[in-house]
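The structure appears right after this line, and notes come after that.
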Amino acid sequence: MATAASNPPTVILADRNRHIRELLAREFAREGYAVKGCGLGREAALLAAAEGDILVVDGELPDMDAGRVVSEVRRVRPGLPVAVYAHEEDEARPCLGQPMVFYVPKRDDPAGLVKAVLEALRARPTGPAG
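Residue numbers (my numbering): 22 to 151.
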């Protein structure tokens, strides 16, 4: 993944469950990513608007749903890739028609999410995501 001389890609990780955030942060760190985690949609929108290479957002955060988080981020960073990590695709449906937004099913094994994030980062256009 990233070399020691380069900056690792940063994942903004928003999940309502602290234990899931911690598990995913460890998995992403193991693959060479930097991670900034939060548990609220407002925090996720602010973090992703200012930094990060990809946003991973829970479908149902306590203060707002994924669709609203994506709308907030899109105002300032329209090209930022977003993975909606949810139990049901219905939780992601409000934002799935937008470019660079994709659904990843929440499963017991986070490997699918890590793989999807890696693929999204490889596929994104070069240059800033904003």
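Beta carbons: idealized from backbone N, C-alpha and C, even for Gly.
Sort out for me which residues DSSP pairs residue i with in a bridge.
i	result
Ala-81	The sequence shown places Glu at residue 81, not Ala. Paired residue(s): Asp-86.
Ile-33	Lys-57 and Leu-76
Residues in the same chain with beta-carbon distance under 6 angstroms from residue i, minus the five sequence neighbours each way, listed in chain order, please.
i	result
Arg-63	Asp-84
Pro-102	Ile-75, Met-121, Ala-141 and Arg-145
Cβ atoms of residue j and residue i: under 8 angstroms apart, would you say?
i	j	result
Leu-107	Asp-79	Looking at the sequence itself, residue 107 is Ala, so the reference to Leu does not match. The answer is yes: Cβ separation under 8 angstroms.
Leu-61	Pro-131	no
Val-94	Leu-117	no
For residue i, collect the residues of the same chain with a Cβ closer than 7 angstroms to its Cβ; drop the 5 residues on either side in sequence, then sort them by chain order.
i	result
Ala-23	Any reading at Ala-23 is ruled out, since the residue's pLDDT is 47, under 50, leaving its predicted position unreliable.
Glu-48	Pro-131 and Val-135
Ala-152	Lying before the first or after the last residue shown, residue 152 is absent from the chain, which here runs from 22 to 151.
Glu-72	Thr-31
Which same chain residues end up closer than 8 angstroms to residue i when comparing Cβ atoms and leaving out the 5 residues on each side of it in sequence?
i	result
Glu-81	Arg-37, Ala-87, Ala-107 and Glu-112
Gly-133	Val-125 and Pro-126
Ala-137	Ala-104, Phe-123 and Val-125
Contained alpha helix (DSSP H) runs [length at least 4] in the stretch 56-134, N- to C-terminal order: 62-71 and 87-97
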